[in-house]
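Each residue of the sequence shown is one higher than the last, beginning at 1 in full-length UniProt numbering.
In what follows, a single structure is set out as structure tokens and then discussed.
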Amino acid sequence: MAGDLFRRNRPFHLLDGFYTEWSEHLTTRCIPLFRDSPPSAVTNGAVFNDLISYYDTIDHYANRDTIFYFLFPSWHVNSLETSILFLGDVHPHLFISLIQSLRDPNRIHLRLAPWRDLAFPVNHFVDDVKNDVNESVSRLLSKVRKAQEGYIQGFSDNWVSWFHSQRGRQSVTVMETAASVTLGEEFVRIFREANQLRKITIVNIVNLSDVNQAALFLEGVCEFLAGFRHQLAHVPAQFFPNQVALQYQLAYQQMMQQQPEVLHDICVWNIDRNVTRDMLREMFRRYPSVREVQIVNDPGRGQKHGFVSFADESEKWRAIQEMNGAMLLKKPMHLRSEAHRNI
1 MAGDLFRRNR
11 PFHLLDGFYT
21 EWSEHLTTRC
31 IPLFRDSPPS
41 AVTNGAVFND
51 LISYYDTIDH
61 YANRDTIFYF
71 LFPSWHVNSL
81 ETSILFLGDV
91 HPHLFISLIQ
101 SLRDPNRIHL
111 RLAPWRDLAF
121 PVNHFVDDVK
131 NDVNESVSRL
141 LSKVRKAQEG
151 YIQGFSDNWV
161 SWFHSQRGRQ
171 SVTVMETAAS
181 VTLGEEFVRI
191 FREANQLRKI
201 TIVNIVNLSD
211 VNQAALFLEG
221 VCEFLAGFRH
231 QLAHVPAQFF
241 PNQVALQYQL
251 AYQQMMQQQP
261 EVLHDICVWN
271 IDRNVTRDML
281 REMFRRYPSV
291 REVQIVNDPG
301 RGQKHGFVSF
311 ADESEKWRAI
321 QEMNGAMLLK
331 KPMHLRSEAH
341 RNI
């Protein structure tokens, strides 16, 4: 059903593309299954497996070099969304709240009727799952706090060391100091545990539901995941829930009416293996027309290089003149002009 969406050989600089493909898959493949046919175990199983594969895939790509990208994904740009996120993806409480909304007696809708006639006490059903989630969330938050304390201590130690060195007085920046702290695997483990919690919560709800209830729940999850702002440029507006279709449709139309900018690239060579995309973006923050920044790994040579795209060609040439040889971490950047590539 998902084709090569969940393949395991995707370069890091294409992970934004993975999220876009996942959005399109939800809206063009998963959601229509629930709307074009009656509920069935086959349909539920296909969508359920895709949701589990989604979390398994981002687990696979999470490592010490990519973890901050997953914890703070670039496509979560709407501040109103941050309250429903937890360690890089949706809060597992969302799935429980979705059940409560589906069976709300004040919502008169025939399609929601299956959730009003559960074969077991609803309070027991919700409370058991919710208690498990609460316990796991508290444990993960404690781990995050300890990992953050360790990271901050390492940052402070390195800042003091660099500040009191002759070279550090000249070139040290917050970004450089932060990048020099060894993250290890602690944040990666926490991120994967959070994904495991999300998967377990979905599994528990589906296992305790009949076919009709599971179909409504899975459809609701897919519609929710397809509602993040980053997907508006790729998703037909009719796939969004009716209650919010108008505002999404207006935003979608506005974005589609915009003409794409002509971009001008520079290639950045001789960069340290610890440099991240955010660090490279920070180096070029002074140039307002920067639109895209990417880091490309070359495993064969054990090297990295980057691309920075400008909407203003004259600003691109000024950046080459001003930034060529500038220190990024412990290496001077080597800049050259490049034809624009889709990054």
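Note that beta-carbon positions come from the ideal geometry of N, C-alpha and C, so glycine has one too.
Just so we're clear, the structure is a prediction, and the values are computed from it rather than from any experiment.
Query raised in the report: How about leucine 329 and asparagine 274: do their beta carbons lie closer than 8 Å?
Result: Indexing the sequence shown from 1 puts residue 329 at position 329. Indexing the sequence shown from 1 puts residue 274 at position 274. Their beta carbons are under 8 Å apart, which means leucine 329 touches asparagine 274 by this criterion.
Requested in this report: Find out if the Cβ-Cβ distance for the pair serine 309, aspartate 265 is shorter than 8 Å.
Outcome: Counting from one through the sequence shown, the residue named residue 309 turns up at place 309. Counting from one through the sequence shown, the residue named residue 265 turns up at place 265. It is a contact, given that the beta carbons lie within the stated cut-off.
Query - Close beta carbons around leucine 98, own chain, < 6 Å, minus the five adjacent residues each side - result: To locate residue 98, count along the sequence shown from 1; it is residue 98. Once the five neighbours on either side are set aside, the close Cβ partners of leucine 98 are Gly220.
Report task. Could you check which residue in Thr201, Asn158 and Asp132 has the C-alpha nearest to that of isoleucine 52? Result -> On the sequence shown, position 52 is the one that residue 52 refers to. Nearest C-alpha to isoleucine 52: Thr201.
Query raised in the report: When DSSP builds the beta bridges, which residues end up paired with tyrosine 323?
Result: Counted from its first residue, the sequence shown places residue 323 at position 323. The amino acid occupying residue 323 in the given sequence is methionine; tyrosine does not appear at that position. Beta-bridge pairing links methionine 323 to no other residue.
Query raised in the report: If we ignore side chains and look at the alpha-carbon of each, how far apart do leucine 14 and threonine 66 end up?
Result: Sequence index remark: in the sequence shown, residue 14 carries index 14 (1-based). Sequence index remark: in the sequence shown, residue 66 carries index 66 (1-based). Going by the C-alpha atoms only, they are around 12 Å apart.
Query - Cα-Cα separation between leucine 280 and glycine 306, rounded to whole angstroms - result: As a working mapping, residue 280 is identified with position 280 in the sequence shown. As a working mapping, residue 306 is identified with position 306 in the sequence shown. So the two alpha carbons sit approximately 8 Å from each other.
**Report entry** Given 8 Å, three or more beta-carbon pairs between the segment 288 to 295 and the segment 309 to 328
**Finding:** Between the segment 288 to 295 and the segment 309 to 328, the count of C-beta pairs closer than 8 Å reaches three or more; the two stretches touch.
Query raised in the report: Would a C-beta distance cut-off of 8 Å place leucine 94 and alanine 194 closer than the cut-off?
Result: For the purposes of this step, residue 94 is identified with residue 94 of the sequence shown, where counting begins at 1. For the purposes of this step, residue 194 is identified with residue 194 of the sequence shown, where counting begins at 1. Cβ distance not < 8 Å, so leucine 94 and alanine 194 don't count as in contact.
Requested in this report: For valine 129, I'd like the list of residues in its chain whose CB is within less than 7 Å of its CB, leaving aside the five on either flank, ordered along the chain.
Outcome: One-based indexing of the sequence shown puts residue 129 at position 129. Same-chain partners within the cutoff: Ile96, Thr201, Asn204 and Ile205.
Query raised in the report: How many Å lie between proline 332 and alanine 326 at the Cα?
Result: Taking the first residue of the sequence shown as position 1, residue 332 is located at position 332. Taking the first residue of the sequence shown as position 1, residue 326 is located at position 326. Between proline 332 and alanine 326, the C-alpha separation is close to 5 Å.
Query raised in the report: Looking only at its own chain, which residues have a Cβ that is under 7 Å from the Cβ of valine 70, when we skip the five neighbours before and after it?
Result: On the sequence shown, residue 70 is found 70 positions in, with the first residue counted as 1. First, the amino acid is wrong: residue 70 is phenylalanine here, not valine. For phenylalanine 70, where only same-chain residues beyond five positions count, the Cβ hits under 7 Å are Ile58, Ala62, Gly88 and Phe191.
**Report entry** tyrosine 19 (DSSP reduced to helix, strand or coil)
**Finding:** Walking along the sequence shown from the start, residue 19 turns up at place 19. Note: tyrosine 19 maps to helix in three-state DSSP.
Query raised in the report: What residues match up with cysteine 267 in a beta bridge as DSSP calls it?
Result: The residue given as residue 267 occupies position 267 in the sequence shown. The bridge partners DSSP lists for cysteine 267 are Phe307 and Arg336.
Query raised in the report: Under three-state DSSP, which class holds arginine 291?
Result: By one-based count along the sequence shown, residue 291 stands at place 291. Looking at arginine 291 - three-state DSSP - the assignment turns out to be strand.
Requested in this report: Could you please give the first and the last residue of the uninterrupted alpha helix (DSSP H) stretch that includes valine 275?
Outcome: In the sequence shown, counting from the first residue as 1, residue 275 sits at position 275. Note, valine 275: premise wrong, no alpha helix (DSSP H); not H, not E.
Query raised in the report: For the candidate residues Asp157, Leu216, Val268 and Asn131, whose alpha-carbon lies nearest to that of asparagine 297?
Result: Translated into positions along the sequence shown, residue 297 becomes position 297. Of the listed residues, the one whose Cα sits closest to asparagine 297 is Val268.
Query raised in the report: Exposed or buried, which one is threonine 142 when buried takes at least 16 other CB atoms within 10 Å?
Result: The residue given as residue 142 occupies position 142 in the sequence shown. Correcting the residue identity first, residue 142 is serine in this sequence and not threonine. Classification for serine 142: exposed.
Query raised in the report: Should the segment 144 to 164 be regarded as contacting the segment 14 to 24, the criterion being three or more beta carbon pairs within less than 8 Å?
Result: no
Requested in this report: Look at the alpha carbon of asparagine 49 and the alpha carbon of glycine 227, and state the distance between them as a whole number of angstroms.
Outcome: Here residue 49 refers to the residue found at position 49 when the sequence shown is read from its first residue. Here residue 227 refers to the residue found at position 227 when the sequence shown is read from its first residue. Roughly 20 Å between the two C-alpha positions.
**Report entry** Buried or exposed (CB count within 10 angstroms, at least 16 for buried), alanine 319
**Finding:** Walking along the sequence shown from the start, residue 319 turns up at place 319. By the C-beta density criterion, alanine 319 is buried, having at least 16 other C-beta atoms within 10 angstroms.
**Report entry** Distance, alanine 41 Cα to asparagine 212 Cα
**Finding:** Counting from one through the sequence shown, the residue named residue 212 turns up at place 212. Counting from one through the sequence shown, the residue named residue 41 turns up at place 41. Spanning the alpha carbons of asparagine 212 and alanine 41 requires a straight line of approximately 9 Å.
**Report entry** Straight-line Cα distance separating arginine 29 from valine 235
**Finding:** In the sequence shown, the residue the question calls residue 235 occupies position 235. In the sequence shown, the residue the question calls residue 29 occupies position 29. Since pLDDT at valine 235 reaches only 41, below the 50 mark, its modelled position is unreliable, and the value read off the structure follows with that caveat. One C-alpha to the other measures close to 12 Å.
Query - For leucine 102 and phenylalanine 217, the rounded distance between their alpha carbons - result: Within the sequence shown, residue 217 is the residue found at index 217, counting from 1. Within the sequence shown, residue 102 is the residue found at index 102, counting from 1. The straight-line gap from Cα to Cα measures roughly 8 Å.
Report task. On a CA-only basis, which of His60, Glu24, Ala46 and Asn134 is nearest asparagine 9? Give me that one, please. Result -> Translated into positions along the sequence shown, residue 9 becomes position 9. That would be His60, whose Cα lies nearest to the Cα of asparagine 9.
Query raised in the report: Who are the near neighbours of tyrosine 55 in its chain, counting only those whose CB is closer than 7 Å to its CB and skipping five residues on each side?
Result: Counting from 1 along the sequence shown, the entry for residue 55 is found at position 55. So the list reads Asn195, Arg198 and Lys199, once near-sequence residues are dropped.
**Report entry** Reduced DSSP category for phenylalanine 217 - H, G, I as helix; E, B as strand; rest coil
**Finding:** Within the sequence shown, numbered from 1, the residue matching residue 217 stands at position 217. Phenylalanine 217: helix per DSSP, three-state reduction.
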